[in-house]
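Trainee: This structure is in structure tokens; I'll ask about it shortly.
What follows is the structure in structure tokens.
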């Protein structure tokens, strides 16, 4: 399998790679934040104690979804670019 070098003439690859990296970072951050801030109910010495924040959890889940959409867009764009490049070389 050969790697395709990125050139300065084609900034599209760098943009798609950046989109992929940012999307994956959003997914990781959203997943960790949603887990940490998930609402929990525990029984404490003074009764029921609720921890966590639903608003932050919702924002984290939306960020996770946005990151997934960005990553999917980048992967599809890479596939289209590779297909166009292979077709142009014929």
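In the working numbering, the protein residues as written are 6 to 95.
Beta carbons are placed, not taken as given, at the ideal position from N, Cα and C, and that holds for glycine.
Computed from a predicted structure; not experimentally measured.
1) Pick from 67, 24 and 30: whose alpha carbon is nearest that of residue 39?
2) Report the option in 94, 80 and 31 whose CA atom is closest to the CA atom of residue 18.
3) Would you grab the beta carbon distance between residue 72 and residue 28 for me? Rounded to a whole angstrom, and I think it's under 8 Å.
4) Which class does residue 45 belong to by DSSP, given the choice of helix, strand or coil?
Mentor: Let me lay it out:
1) Position 34 of the chain shown, counting from 1, holds the residue named residue 39. Among 67, 24 and 30, the Cα nearest to that of residue 39 is on 67.
2) Mapped onto the chain shown, residue 18 falls at position 13. Nearest C-alpha to residue 18: 80.
3) Translated into the one-based positions of the chain shown, residue 72 becomes position 67. Translated into the one-based positions of the chain shown, residue 28 becomes position 23. Residue 72 to residue 28, Cβ: 5 Å. Contact.
4) One-based indexing of the chain shown puts residue 45 at position 40. Residue 45 falls in the strand class under three-state DSSP.
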